[in-house]
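All remarks here apply to the structure that follows.
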Amino acid sequence: MSTGAQVVTAVLALASGVLALASGQCPDGSPPPCGRPAALDTGRYAILPFAHREGGQQSTLDGADCAELLTEGFARWIEVRLADKTRVYDALTRHGAHAPFRIPFDTALAIARRLGAGRLVMGQLWSFGDTVRLTAALYDVARGGTPVRESTTRVAASGAMGAAFNALADSLLGADPGVTQGAGAEQTRSLRALRAYALGERAIREWDLGRAGREFRAAIAADSAFARAYLGLGQALLWSADSTPDGTRDRSVIARRTADLISRLGIADGALLLAQQAMFERRWQDACRRYRDILAADSTSFGGWFGLAECNAGDRVVIRHPGDTTRFTFRGSYETAVQAYRRALLLAPAFNLTFERRATDRLPSLLFTERWYWREGFLDGSTYYAFPELEADTIAFYPVSGALAAQGDVEPPRHLAAVGRNRRILMEVATAFADAFPGEPSAHRTRARSLESVGKLVPEVGEPRSAFAEFAAAQRLERQPEQRARDAADRVRVLLKAGDFVRARQLGDSLLRIAPRPTAGIAGVAVLLGRPALARRLFAPEDTAWLSASADNRSVTFPLDAAQAGLALLAYAAVGAPADSIAAYERRVEDLTAGLPVSRRAATRSALLDRPAELVFDVLGLRPAHRTGPPGPRQAMTLQWRLAHGDTASVRALLDSLSRAGGGRLASGESTPDGVYIDARLLLAVGDTATAARTLDAPLDSLVALHTATLEYLPLAGCLVRMMVQRADLAAARGEPSTARRWATAVSTLWSQADPALQATVARMSRIMHETR
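And the structure:
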């Protein structure tokens, strides 16, 4: 019934961050076992950062900047193949290489072999005055690093230094290597532009996409014809999913300037710029074709794989299914997107570091590893939604309209199979990321989420790792207090899923005592422990991302003050008390939305008031938000309205029908607590205690399947404990002492320090515990 639909919009409102990966990968980026090592590509060159010679002065360029410019010089030659730049950065990060670079020769050879490159270029940088002296050498990797050629040059520290790097590249290549295209390193004569560009590339090497974007913008401002700066900015925008006004403007400029810039770039970079243009103009199919061409030329291109994933995931146009015109599908293949994301991130696991803490959420959402994640699309101006399902071991989506999705259960039969398959992909990718970067907290978080998704929650004999231990490792390594607090909240959730309510409450109490206020993402811990007043003081603006859409699944943009009032209302409604606070915040929301334009008012009221009204109907009756007209309402509100107006018969008939379809209950093990609680209260209102008990038992007996958003979307946290309360009351009334004692004990533990309005419930649970000993 309503068990999943309500949380979906809130879950998907997060959009954001990416993934993780492989340490023991094969040279082509595939996971081990690699089988027989492939022969090194003798036509592929790995160019590593130059070492700084002792005694040199501070230079405009560092060793990595010199390697970048030399790479651009090599890239002019059409027949020359270069190791993928993102994979080079990944390899440097793995080995802890940073400025001033002094990479041992055996390490350099190992990096080249990992990249499948048969040629290695290294060098030394020495600066004095306004001159840079460079010595570069070419080595044969297949022959153990035998020197092939060496060249030395002096470069004036000016905007014209690109020509010197082109000449150095030509000297190292020796005999004429063929035809050239583009300007190579000679992209700009502006020293200011070159410096900004070098800082942008440095930021990319350090996985800071926001800083990279700012530096590339500065380079373009200094030289509006600097083609590589546009390419770098475009990559930063794509990889960070930048949707800010500045990002939107930049996308438009890059798309418009592409035709003028393309002649300045080599073959590979020019192909990437054309693919970016198609992406920025939302020509998804053309973008995918261009990324496939890039991969046909170089199957180890990180940009090619990630771009292929993005163009398919981004193409959300809904079309009629070619083989069945009664159904709809998406034009962009998400199966292709998932496999391409997987391949990209196995090629360069360090890329996960670009998203900092968001990587932990982005990977599961990209791979659809939670039951209630769905995909949104558009047809003729209307919004459509679909859950993934498994067809012959591939992901398929068959979307329905938003209005239909809001009304009932649209979960396909093979949805859980798709989720299970994607969780296995998540485990592979996350484990590789953590193995590659054991000192990175985000790597441990990502592995923790993958372990959590397959039920490996707490340490057990024979299991080398657990979600709880990995979150603890992330918390130890993390430097930011707010993120450490969120790591602790994740540990609370894991203990909750493991059924260890005593430790969950202890850790939660400790967290709430020391957490900075406000801190995003931890208010749900306070709600879980029955302390909505404290939750209200913990809210940060980011928490408003968890507010729902309207009842007809229209997205809503909230005024901040109204959103904050809506969050406070949701916290109190989640635990069902106190009544005066609920009523006060309902009035507050009404006052703050009264001045909105008529076209926005109804949808905004629905988004902020509907779910709280449904959550408190059993204790407060009809609320101002209850109605029979649009938007929506959802099925739960409709049934509550009928009950309040004496139409018990139609409510019972519908619930009976849904129960028969669900095998005698209205929930499954992975149903969300808010929907389950509302459904159980409706069943009790029509006297069907047996179905209510079975409905509550399904998720309560499967706590391991609780959604990872349980402590972020507040109704999940509050209604989980309210479900326990209801099950204990039912069991006591039905003469089921062990069940009554089990859930009464859980409630008494979790709510032992609850707000005064909930202490009567705690006292009742204590009596049940005493009476069922």
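0 is the number of the first residue of the sequence shown in the numbering used here; add one for each residue after it. The C-beta atom is built at its ideal place from N, Cα and C for all residues, glycine as well.
Within the DSSP bridge table, the entry for Leu-378 names Ser-381 as partners. Ala-347 is positioned such that its CB atom lies closer than 8 angstroms to that of Arg-86. Separation of Leu-114 and Gly-302 (C-alpha to C-alpha, rounded to the nearest whole angstrom) is 15 angstroms. If you ignore the 5 residues before and after Leu-260, its C-beta comes within less than 6 angstroms of the C-beta of Ala-226, Tyr-229, all in its own chain and listed in chain order. Put simply, the backbone Cα of Phe-500 is about 7 angstroms away from that of Thr-748. C-alpha of Thr-92 to C-alpha of Phe-436: approximately 9 angstroms in a straight line. With fewer than 16 other Cβ atoms from the protein chains shown falling within 10 Å of its own Cβ, Gly-645 counts as exposed. Spanning the alpha carbons of Glu-71 and Gly-183 requires a straight line of approximately 5 angstroms. Assignment of Leu-133 by DSSP, reduced to helix, strand and coil, places it in the strand class.
If you draw a 10 Å sphere on the C-beta of Phe-127, you find fewer than 16 other C-beta atoms in it, and that means exposed. Per DSSP, Phe-350 lies in no beta strand (DSSP E) segment and is marked neither H nor E. Partner residues in the beta bridge of His-320, as assigned by DSSP, are Asp-323. Beta bridge pairing from DSSP links Pro-387 with Phe-396. Its chain contains Ala-602 as the residues whose beta carbon lies nearer than 6 angstroms to that of Arg-553, once the 5 sequence neighbours on both sides are disregarded; these appear in chain order. When secondary structure is reduced to three states using DSSP, Gly-42 falls in the strand class. Contact check for Val-491 and Leu-510: beta-carbon distance about 7 angstroms, within the 8 angstroms limit, so the pair qualifies. Nearest to Leu-494 by alpha-carbon distance, out of Arg-483, Leu-506, Thr-694, is Leu-506. Taking the C-beta atoms as reference points, Leu-133 is found no nearer than 8 angstroms to Gly-143. A Cβ-Cβ separation of about 4 angstroms places Ala-417 in contact with Leu-389 under the 8 angstroms criterion. Taking a C-beta distance under 8 angstroms as the contact criterion, Glu-185 and Gly-161 qualify as a contact pair. Listed in chain order, the non-local C-beta contacts of Pro-623 below 8 angstroms within the same chain comprise Glu-585, Glu-589, Leu-608, Ala-612, local neighbours out to five positions each way being set aside.
For Glu-71, there is no enclosing beta strand (DSSP E); the residue is found in the alpha helix (DSSP H) stretching over 62-74. Annotation for Asn-311: Trp-283, Cys-287, Gly-331, Ser-332, Tyr-333, Thr-335, Ala-336, Ala-339 place their beta carbon closer than 8 angstroms to its own, counting only its chain and skipping 5 residues before and after.
When the beta-carbon positions are compared, Ala-562 and Arg-587 stay at least 8 angstroms from each other. A residue is called buried when at least 16 other Cβ atoms come within 10 angstroms of its Cβ; Glu-149 does not meet this threshold and is exposed.
With distances taken between CA atoms, Ala-519 lies nearest to Leu-566 out of Lys-496, Leu-566, Leu-729. Proximity to His-97 across Tyr-138, Arg-370, Ala-583, Ala-50 peaks at Ala-50, based on C-alpha coordinates. The beta carbon of Pro-517 is closer than 6 angstroms to those of Leu-537, Phe-538, Ala-539 in its chain, skipping five residues each way along the sequence. When the beta-carbon positions are compared, Val-140 and Arg-118 come within less than 8 angstroms of each other.
Bounds of any alpha helix (DSSP H) do not take in Arg-263, whose DSSP letter is neither H nor E.
Within the region 599-665, the alpha helix (DSSP H) runs of at least 4 residues that lie entirely inside it are, in chain order, 634-643, 647-660.
Thr-688 sits in a helix when the DSSP states are folded into three classes. Residue Ala-471 holds the alpha-carbon nearest to the alpha-carbon of Arg-448 among Gly-438, Gly-461, Ala-471, Val-460.
For Ala-519, the secondary structure class from DSSP, reduced to helix, strand or coil, is coil. Taking Val-746 as the centre and dropping the five residues before and after it, the same chain places the C-beta of Val-720, Met-723, Val-724, Ala-727, Thr-760, Val-761, Met-764 closer than 8 angstroms to its C-beta, in chain order. Taking the Cα positions, Glu-280 is about 12 angstroms away from Gly-233.
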